Amino acid sequence: MSKIIAANFKSNLTRAKVCAYAEGLESLLKSLNVPCKSETCKNASLGEGLQDSAIQPKSHLQVSIFPSATALLDDSFAHFHIGAQNAYFAQSGGFTGEITLKQLEEFRISHLLIGHSERRTLFGESQDFINEKFRFFKEAGFSIYYCIGEFLEVREKGENALKEFLSKQLSGIDTSYSKLIIAYEPIWAIGTGVSASLKQIESTHKMLSQLTDAPLLYGGSVNANNASEILSLPYVNGVLVGSASFELEGFGEIIRAGIKSS
Numbered sequence: 013m014s015k016i017i018a019a020n021f022k023s024n025l026t027r028a029k030v031c032a033y034a035e036g037l038e039s040l041l042k043s044l045n046v047p048c049k050s051e052t053c054k055n056a057s058l059g060e061g062l063q064d065s066a067i068q069p070k071s072h073l074q075v076s077i078f079p080s081a082t083a084l085l086d087d088s089f090a091h092f093h094i095g096a097q098n099a100y101f102a103q104s105g106g107f108t109g110e111i112t113l114k115q116l117e118e119f120r121i122s123h124l125l126i127g128h129s130e131r132r133t134l135f136g137e138s139q140d141f142i143n144e145k146f147r148f149f150k151e152a153g154f155s156i157y158y159c160i161g162e163f164l165e166v167r168e169k170g171e172n173a174l175k176e177f178l179s180k181q182l183s184g185i186d187t188s189y190s191k192l193i194i195a196y197e198p199i200w201a202i203g204t205g206v207s208a209s210l211k212q213i214e215s216t217h218k219m220l221s222q223l224t225d226a227p228l229l230y231g232g233s234v235n236a237n238n239a240s241e242i243l244s245l246p247y248v249n250g251v252l253v254g255s256a257s258f259e260l261e262g263f264g265e266i267i268r269a270g271i272k273s274s
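So the working numbering is basically just the index in the sequence shown, starting at one, shifted up by 12.
If you want it as structure tokens, here you go:
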């Protein structure tokens, strides 16, 4: 299975910085011979002599970045996707402060984060609300990066409590959806600099693999120093990176780790 490397910029990086970052990322992925993200692009590259039988792709790495709403770019880059961190489940309407499907379509965006713990805890998104958002964007054919994760007190109660908690976060969504990607991010590891242990990551991903066939990403203080070990674990199909993705140099090292583990 292809490794998936995704970057969540959260409320960081201005539009100008995202533009420069995206151009740099495109050049980096091309230099690493990461294949184009679509057959159309691949055919165009063949016509330009950029990718032929003498230059075979080194991996089937999938890369996506999720800028803030004001920094969204057209999803027209050859080697990676631009996705949205959040959207409201409507075509358009009276939803002050939100973006909806029509705004995303203008940028040709079809990748979306749903269920991130910061949306759940800071903005009060309930499981019912998240389920409704999932259903709407599933119907729209989006690739959905669905985030789940537990509080530290749940982890400390043991495996049964952890499984029950994560299972509830998966309840009400179609875990067989072909464009679903699950991002497991223990809340106590997000933005703290303290990642879950390799043993914890592996055991939790193994448990999740029994609940869904969707690719499983790990998120929670992933950085250039620990990405290689995390990506080499069984049941880990990629990573969702936060602060370590804000600078392209560091994110590039994580991408290289993804290539080596593919």
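Just so it is clear, CB atoms sit at the ideal spot from N, CA and C, and this is done for glycine as well.
In this text the structure is predicted, and so the values were computed from the model without any measurement.
Asked, Found
"Span of the beta strand (DSSP E) around residue 33", "Looking at the DSSP string, residue 33 is not in any beta strand (DSSP E); the run it does join, the alpha helix (DSSP H), is 27 to 43."
"Residue 234 and residue 253 closer than 9 Å at C-beta", "yes"
"Three CB pairs or more closer than 8 Å across the region 135 to 142 and the region 160 to 172", "no"
"Spatial neighbours of residue 107 in its chain, beta-carbon cut-off 6 Å, leaving aside the 5 residues before and after", "100"
"Beta-carbon proximity check, residue 75 vs residue 156, cutoff 9 Å", "no"
"Residue 23 burial status per 10 Å Cβ neighbour count (16 or more: buried)", "exposed"
"Best match in 199, 222 and 14 for proximity to residue 188 [C-alpha to C-alpha]", "222"
"Residue 72 - DSSP class collapsed to helix/strand/coil", "coil"
"Secondary structure of residue 93, DSSP reduced to three states", "strand"
"Residues that DSSP places opposite residue 77 in a beta bridge", "19 and 94"
"Boundaries (first-last residue) of the alpha helix (DSSP H) holding residue 217", "210 to 221"
"Status (buried if at least 16 other CB within 10 Å, exposed otherwise) for residue 104", "exposed"
"Classification of residue 32 by the beta-carbon crowding that lies within 10 angstroms, buried from 16 upward", "exposed"
"Boundaries of the alpha helix (DSSP H) in which residue 166 is found, first to last residue", "164 to 168"
"Whole alpha helix (DSSP H) elements within the region 122 to 203, 4-residue minimum", "129 to 133, 139 to 151, 164 to 168 and 171 to 182"
"Counted within 10 angstroms of its Cβ, other Cβ atoms place residue 20 as buried (16 or more) or exposed", "buried"
"CB contact flag (residue 242, residue 73, <9 Å)", "no"
"6 Å CB neighbourhood of residue 40 in its chain, flanking five on each side removed", "264"
"Nearest-angstrom Cα separation, counted from residue 86 out to residue 269", "27 Å"
"For residue 149 and residue 96, the rounded distance between their alpha carbons", "12 Å"
"Distance CB(residue 133)-CB(residue 83) smaller than 9 Å", "no"
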